[in-house]
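Asker: 1 is the number of the first residue of the first sequence in full-length UniProt numbering; add one for each residue after it. For each residue, glycine too, the CB sits at the ideal point set by N, CA and C.
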Amino acid sequence: MASSTGSNQAIRPESTLFKSFVGVAAIKKGYEGVDRDKIARTVYEAAKVSLYFNHQQKRDQALTEKCNALMERKRLLEESDTTSQLVHADKVVARLKENRDLSQSIVHIDCDAFYASVEQNDRPELKDVPFAVGDTVVAACNYIARKTGCRAGMVIAVAKKMCPNLTIVKPNHDRYREVMAQICNAMHKYDPGYEICGTDEAYLNITKYCTECDIKPWDVVQTLRKDIRHETGIAVAAGIAANIQLAKISSTFIKPDGQYQLPSEPDIIMAFIKDLPVRKVTGVGYTLDRQLGSIGIATCEDIFSQRQFLRVLFGDRLFEFLLEVYLGCGRTELQATLEQQKKSASIERTFKETSAPDIIERNLRMVCEDVEAKLKELNRAGQTLTVKVKMNDFESYSKQTKLPKAISSARDIFQHSLPFVKATLADKPHQACRLLGVRLTQLVSKDYTLSAAFERMAHKSAYPKPDSLSGAKEEERSSPTGKRKLGDDLESRELSPRKKISNPAIKSPEINPLETSWCTSEMVRCPICDQHQPPDNASFNQHLDICLSLSEIQKYS
DNA sequence: GCGGATCAC
DNA sequence: TATGGTGATCCGC
Numbered sequence: 001m002a003s004s005t006g007s008n009q010a011i012r013p014e015s016t017l018f019k020s021f022v023g024v025a026a027i028k029k030g031y032e033g034v035d036r037d038k039i040a041r042t043v044y045e046a047a048k049v050s051l052y053f054n055h056q057q058k059r060d061q062a063l064t065e066k067c068n069a070l071m072e073r074k075r076l077l078e079e080s081d082t083t084s085q086l087v088h089a090d091k092v093v094a095r096l097k098e099n100r101d102l103s104q105s106i107v108h109i110d111c112d113a114f115y116a117s118v119e120q121n122d123r124p125e126l127k128d129v130p131f132a133v134g135d136t137v138v139a140a141c142n143y144i145a146r147k148t149g150c151r152a153g154m155v156i157a158v159a160k161k162m163c164p165n166l167t168i169v170k171p172n173h174d175r176y177r178e179v180m181a182q183i184c185n186a187m188h189k190y191d192p193g194y195e196i197c198g199t200d201e202a203y204l205n206i207t208k209y210c211t212e213c214d215i216k217p218w219d220v221v222q223t224l225r226k227d228i229r230h231e232t233g234i235a236v237a238a239g240i241a242a243n244i245q246l247a248k249i250s251s252t253f254i255k256p257d258g259q260y261q262l263p264s265e266p267d268i269i270m271a272f273i274k275d276l277p278v279r280k281v282t283g284v285g286y287t288l289d290r291q292l293g294s295i296g297i298a299t300c301e302d303i304f305s306q307r308q309f310l311r312v313l314f315g316d317r318l319f320e321f322l323l324e325v326y327l328g329c330g331r332t333e334l335q336a337t338l339e340q341q342k343k344s345a346s347i348e349r350t351f352k353e354t355s356a357p358d359i360i361e362r363n364l365r366m367v368c369e370d371v372e373a374k375l376k377e378l379n380r381a382g383q384t385l386t387v388k389v390k391m392n393d394f395e396s397y398s399k400q401t402k403l404p405k406a407i408s409s410a411r412d413i414f415q416h417s418l419p420f421v422k423a424t425l426a427d428k429p430h431q432a433c434r435l436l437g438v439r440l441t442q443l444v445s446k447d448y449t450l451s452a453a454f455e456r457m458a459h460k461s462a463y464p465k466p467d468s469l470s471g472a473k474e475e476e477r478s479s480p481t482g483k484r485k486l487g488d489d490l491e492s493r494e495l496s497p498r499k500k501i502s503n504p505a506i507k508s509p510e511i512n513p514l515e516t517s518w519c520t521s522e523m524v525r526c527p528i529c530d531q532h533q534p535p536d537n538a539s540f541n542q543h544l545d546i547c548l549s550l551s552e553i554q555k556y557s
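1) Do Val367 and Val389 have their CB atoms nearer than 7 Å?
2) In this structure, does DSSP put His430 in helix, strand or coil?
3) Going by C-alpha distance, which of Ser355, Tyr44 and Cys111 is nearest Thr232?
4) Beta strand (DSSP E) containing Pro357: first to last residue?
5) Which class does Asn205 belong to by DSSP, given the choice of helix, strand or coil?
6) May I ask you to report which of helix, strand or coil DSSP gives Phe351?
7) May I ask you to list the residues that DSSP assigns as paired with His108?
8) Mapping DSSP to helix, strand and coil, what is Gly315?
9) Can you tell which of Gly149, Ile234 and Arg349 has its C-alpha closest to the C-alpha of Val118?
10) Could you give the uninterrupted runs of the beta strand (DSSP E) lying entirely in the region 124-170, keeping only those of 3 residues or more?
11) Along the chain, where does the alpha helix (DSSP H) that runs through Thr232 open and close?
12) Could you check if Asn99 is buried or exposed, using at least 16 other CB atoms within 10 Å of its CB as the buried criterion?
13) Around the Cβ of Asn142, are there at least 16 other Cβ atoms within 10 angstroms (buried) or fewer (exposed)?
14) DSSP three-state label for Lys342, please.
15) Could you tell me the boundaries of the beta strand (DSSP E) in which Lys255 lies?
16) Gly382 bridges to which residues according to DSSP?
17) Could you name the residues of the same chain whose beta carbon sits closer than 8 Å to that of Asn185, not counting the 5 residues immediately before and after it, in chain order?
18) When you compare only the Cα positions, how much space is there between Arg349 and Lys38?
19) Could you tell me which residues DSSP puts in a beta bridge with Asp396?
20) With a 10 Å radius around its C-beta and 16 neighbouring C-beta atoms as the bar for buried, classify Gln259 as buried or exposed.
21) Taking the alpha-carbon positions, what's the Ala94 to Ile303 distance?
22) Is Lys402 helix, strand or coil when you go by DSSP?
23) Per the contact definition of three or more C-beta pairs closer than 8 Å, is the region 186-193 in contact with the region 219-228?
24) If you draw a straight line from the alpha carbon of Thr414 to that of Gln340, how long is it in whole angstroms?
25) Where DSSP assigns a beta bridge to Val438, which residues make up the other side?
26) If you draw a straight line from the C-alpha of Lys64 to the C-alpha of Leu292, how long is it?
27) For Pro217, which residues from the same chain have a beta carbon less than 7 Å from its beta carbon, with the 5 sequence-adjacent residues on both sides left out?
28) Can you tell me the Cα-Cα spacing of Leu76 and Phe18, whole angstroms?
29) Counting beta carbon pairs with one atom in the region 140-158 and one in the region 270-289, are three or more of them shorter than 8 Å?
30) Residues in its own chain within less than 7 Å of Lys248 by CB, not counting five upstream and five downstream?
31) Could you say if the region 397-406 and the region 350-370 meet the contact criterion of at least three C-beta pairs nearer than 8 Å?
32) Can the beta-carbon of Lys74 be found closer than 7 Å to that of Ile295?
33) With contact counted as at least three CB pairs below 8 Å, one residue from each stretch, are the region 191-205 and the region 326-339 in contact?
34) Helix, strand or coil, according to DSSP, for Gln291 in the structure here?
35) Quick one: what does DSSP say Ile273 is sitting in, helix, strand or coil?
36) If you run the structure through DSSP and keep just helix, strand and coil, what is Cys329?
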């Protein structure tokens, strides 16, 4: 493992840009011995005439400048007295060491090449051919395809160039969800509080199970993997360690269907971390890796030797995160996977670039309708609206607005979004638009919105009738592309398969009181409508506002 | 609070 | 033949 990411790559004129083209193939499993130069060259050849390439080039240049600035600032720091920074860093290291919890057994389950494995299982004829699952970009590919340089995220046309006999399989998301549900089923008995992240990964805390049944973590995981294999036919990799960070790294340490246990002893952990490239740590992406590299940090051990510079150069948050990485610290509490914890709902859609206002408007309408559907599913409305426009030069612009009240209908969303889209287009008269996106945040339970209350008042029913006014109705419904794909909407809400793990640099987030459900016993009564309300101040005040304005409205009706 | 960025999958 | 979508968070202002 002497080869770190940075040093021994072939250097070419556009070397940093090339590196970005190699993408995850630089760090993922299945690419050992693959010619990374070939990947970069092929992608480069395919891309060099496109506007996308220009955009990437611009980004790369900006990042390079940032790195140069970092180097310069570090050089200046080196000339000054950094003793106080060093002392502070050591203090933080001591504190982190002190608070480190090594008592838990956390397991990371990684269904590597998940989509590909499922397909291969369902269709044995794929077993010995290189194939990729995906639509226009590769979502996953098997190991035979990886050997040729094919990787996730690659445009399929490019992948085919590198691997001419690549078979393409259309993704079947329902099937993947089904298999993931089976996997969850198998995990449940070892830790009902397991955490799912993404579509193909999960964490378990098996500490309790191990003590209660007097079994070693290693054996538990072996059985669990056997269970999963038996139930689903899927081979999974598992990492066992003291926290989720280390467990995740451990699982990537092993071949696709193996398991790896990192003993929870400080010395062993430190030795394990020592030579690890920082890029392999969750939370260190391509850009941070490059920035760190510019000041001489390639491995986790390097973090320590540069510790006196980190706070000044990267700020408190990142500084502390990096020290945690160096010490192998990480989260040990798992977060239950609940749909209701979602903080935003968004849709963005790429289409054939256009500058025709009517087409753009129609696309915006469709996006808004999909957001409406998503919010309906969550029974939420959102008070902050973010609209995003990406032009054909791949530059994107966004506008975020805090609205006077939460909205959820396609009509409302559309009306608030359109002005920004129009303004952006007017700003770029000679460009076409290729993507529109709409996101709502500051989600509140829909029962508390004014319109919902009003509707209740009018109909004396719990929920408003849908379809009453969906601004986009009559005209464009009969468009030739009438098949609106309801893509990723979930069927089972108990077992939501999509839940992101929070960035490791971030401390545990607080829970929005509005998002919890209350039992009637802890409710309070509203003095105006006399109905039960949640006991926390925020939502009660919100309710009061609604009630007051409603009684105003009634005066005039 | 806003806009741009980064990161993970 | 031509570079995706969702959700979360951070930084600087």
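Answerer: Quick answer:
1) Position 367 of the first sequence, counted from the first residue, corresponds to residue 367. Position 389 of the first sequence, counted from the first residue, corresponds to residue 389. No, these two residues do not count as a Cβ contact at 7 Å.
2) Position 430 of the first sequence, counting from 1, holds the residue named residue 430. Three-state DSSP puts His430 in coil, outside helix and strand.
3) Taking the first sequence and counting its residues from 1, the one referred to as residue 232 is at position 232. Of Ser355, Tyr44 and Cys111, the smallest CA-CA separation from Thr232 is found for Cys111.
4) Residue 357 sits at position 357 when you count from the first residue of the first sequence. For Pro357, there is no enclosing beta strand (DSSP E); the enclosing alpha helix (DSSP H) covers residues Pro357 to Leu378.
5) Translated into the one-based positions of the first sequence, residue 205 becomes position 205. Of the three classes helix, strand and coil, the one that applies to Asn205 here is strand, per DSSP.
6) On the first sequence, residue 351 is found 351 positions in, with the first residue counted as 1. Residue state, collapsed to three classes: strand.
7) Your numbering for residue 108 matches position 108 in the first sequence. His108 is bridged by DSSP to Tyr203 and Gly239.
8) Along the first sequence, one-based indexing puts residue 315 at 315. In the structure shown, Gly315 falls within a helical segment according to DSSP collapsed to helix, strand and coil.
9) Working through the first sequence from its first residue, we reach residue 118 at position 118. Taking Val118 as reference, the option from Gly149, Ile234 and Arg349 with the minimal CA-CA separation is Ile234.
10) Along the region 124-170, the beta strand (DSSP E) occurs as fully enclosed runs of 3 or more residues at 131-134, 138-141 and 167-169, listed in sequence order.
11) As a first step, residue 232 is located in the first sequence; it is residue number 232 there, counting from the start. It spans Pro217 to Thr232 - the alpha helix (DSSP H) in which Thr232 sits, taken as one unbroken run.
12) Here residue 99 is taken as the residue at index 99 of the first sequence, counted from 1. By the Cβ-count criterion, Asn99 is exposed, with fewer than 16 other Cβ atoms from all chains shown falling within 10 Å of its own Cβ.
13) Indexing the first sequence from 1 puts residue 142 at position 142. Buried, since its Cβ has 16 or more Cβ neighbours within 10 Å.
14) Within the first sequence, numbered from 1, the residue matching residue 342 stands at position 342. Here Lys342 sits in coil by DSSP.
15) Walking along the first sequence from the start, residue 255 turns up at place 255. Premise fails: Lys255 is in no beta strand (DSSP E) and is neither H nor E.
16) For the purposes of this step, residue 382 is identified with residue 382 of the first sequence, where counting begins at 1. In the DSSP assignment, Gly382 forms a beta bridge with Ile407 and Leu443.
17) The residue you call residue 185 lines up with position 185 of the first sequence. These residues qualify, in order along the chain: Glu231.
18) Locating residue 349 in the first sequence gives position 349, counting from the first residue. Locating residue 38 in the first sequence gives position 38, counting from the first residue. Distance from the CA atom of Arg349 to the CA atom of Lys38, rounded to whole angstroms, is 32 Å.
19) The residue given as residue 396 occupies position 396 in the first sequence. Correcting the residue type first, residue 396 is Ser in the shown sequence and not Asp. Residue pairing by DSSP places Ser396 opposite Lys390 in a beta bridge.
20) Within the first sequence, the letter at position 259 stands for residue 259. Residue environment analysis places Gln259 among the buried positions, since at least 16 neighbouring C-beta atoms fall within 10 angstroms of its C-beta.
21) Start at 1 with the first residue of the first sequence, and residue 94 comes out as number 94. Start at 1 with the first residue of the first sequence, and residue 303 comes out as number 303. Spanning the two alpha carbons is a distance of roughly 15 Å.
22) Taking the first residue of the first sequence as 1, we reach residue 402 at position 402. The three-state reading of DSSP puts Lys402 in strand, counting E and B together.
23) The answer is yes - the region 186-193 touches the region 219-228, with three or more Cβ pairs under 8 Å.
24) In the first sequence, residue 414 corresponds to position 414, counting from 1. In the first sequence, residue 340 corresponds to position 340, counting from 1. In the sequence on display, residue 414 carries Phe and not Thr. Answer to the nearest angstrom: the Cα atoms are 25 Å apart.
25) For this step, residue 438 is matched to residue 438 along the first sequence. Residue pairing by DSSP places Val438 opposite Ile347 and Val387 in a beta bridge.
26) Position 64 of the first sequence, counting from 1, holds the residue named residue 64. Position 292 of the first sequence, counting from 1, holds the residue named residue 292. In the sequence as displayed, the identity of residue 64 is Thr instead of Lys. Put simply, the backbone Cα of Thr64 is about 12 Å away from that of Leu292.
27) Indexing the first sequence from 1 puts residue 217 at position 217. Counting only residues of its own chain and dropping the five nearest sequence neighbours on each side, Pro217 has a CB closer than 7 Å to the CB of Ser105, Ile206, Cys210, Ile240 and Gln261.
28) As a first step, residue 76 must be located in the first sequence, where it is residue number 76. As a first step, residue 18 must be located in the first sequence, where it is residue number 18. One C-alpha to the other measures close to 30 Å.
29) Three or more Cβ pairs closer than 8 Å define a contact, and the region 270-289 falls short of that threshold against the region 140-158.
30) Here the question's residue 248 lines up with position 248 in the first sequence. Only His108, Gly239 and Thr282 meet the Cβ criterion.
31) Judged by Cβ distances under 8 Å, the region 397-406 makes no contact with the region 350-370, as fewer than three pairs qualify.
32) Position 74 of the first sequence holds residue 74. Position 295 of the first sequence holds residue 295. Contact flag set, yes.
33) Note that the region 191-205 touches the region 326-339; at least 3 beta-carbon pairs, one per stretch, sit closer than 8 Å.
34) Residue mapping note: residue 291 aligns to position 291 of the first sequence, counting from 1. Looking at Gln291 - three-state DSSP - the assignment turns out to be helix.
35) Within the first sequence, the letter at position 273 stands for residue 273. In the structure shown, Ile273 falls within a helical segment according to DSSP collapsed to helix, strand and coil.
36) Your numbering for residue 329 matches position 329 in the first sequence. Here Cys329 sits in coil by DSSP.
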